Each structure stands twice: as structure tokens, then as C-alpha cells.
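Heads up: the structure comes next, in C-alpha cells.
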Amino acid sequence: MNLEQFTREEGQLARRYEYDDATVMAVDFGTEATEASVDVVDDTVIIVIADDQYEIDLPETVERAHTFIKNGVLTVKLEDER
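Residue 62 in UniProt numbering sits at position 62 of the sequence shown, with consecutive numbering throughout.
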């Protein structure tokens, strides 16, 4: 997943954290994104905010991705890399 390219194009602030058992990514869409939704379809995280849709492709090595969005901040936790 290339968060740098995603944030450069769309202007969001993003961070990636590496832990022993997981990788966590956070993207701040701002306070106007409080009514956003997020879902994982196949190997893609899909975020819908008002009339805008964003997609983030997940690495092929990830078996599970957990996502949630709160106060405009998207969190993606990637686990069990193959």
C-alpha cells in the first residue's frame, strides 16, 4: 500500500506504524468526514465520504484487514501476513 502517493494526490495526512504482529495505517480525512463509511472488498479498502470515494489497495501478503473510521480518521490494521 502506497500511502504517500494517496496522501499527495488527495491532501490527507497519513501515518504507518509497524508492530511485531501487525501494521497499522491511519489517514486523517478531516472533521468534515464524520459521516464517512469504510469497507474492505477483496484486497481493497473503500472509503465513502459524502459524494467522494477513495480506494486503497492492500498488499497481497495480507490475510486480514480490520478497518474503522472515527472522527474523520481512518484506521486500517493489517494482520497475519502470509
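Note that beta-carbon positions come from the ideal geometry of N, C-alpha and C, so glycine has one too. None of the values given here were measured: they were computed from a predicted structure.
D21 and V62 have their C-alpha atoms roughly 12 Å apart.
If you compare the alpha carbons of V41, L58, D39, N71 with that of E79, the shortest gap goes to L58. Sequence-distant Cβ neighbours of D39 in its own chain, meaning closer than 7 Å and more than five residues away, are I46. With contacts defined as CB atoms closer than 8 Å, A26 and A14 qualify as a contacting pair. The Cβ atoms of F29 and I56 do not sit closer than 8 Å to each other. Taking all protein chains in view, the Cβ of V76 is crowded by 16 or more other Cβ atoms within 10 Å, so the residue is classified as buried. Within the same chain, Cβ atoms closer than 8 Å to the Cβ of T67 are found at V38, D39, V40, V45, L74, T75, V76, K77, the five residues on either side in sequence being excluded.
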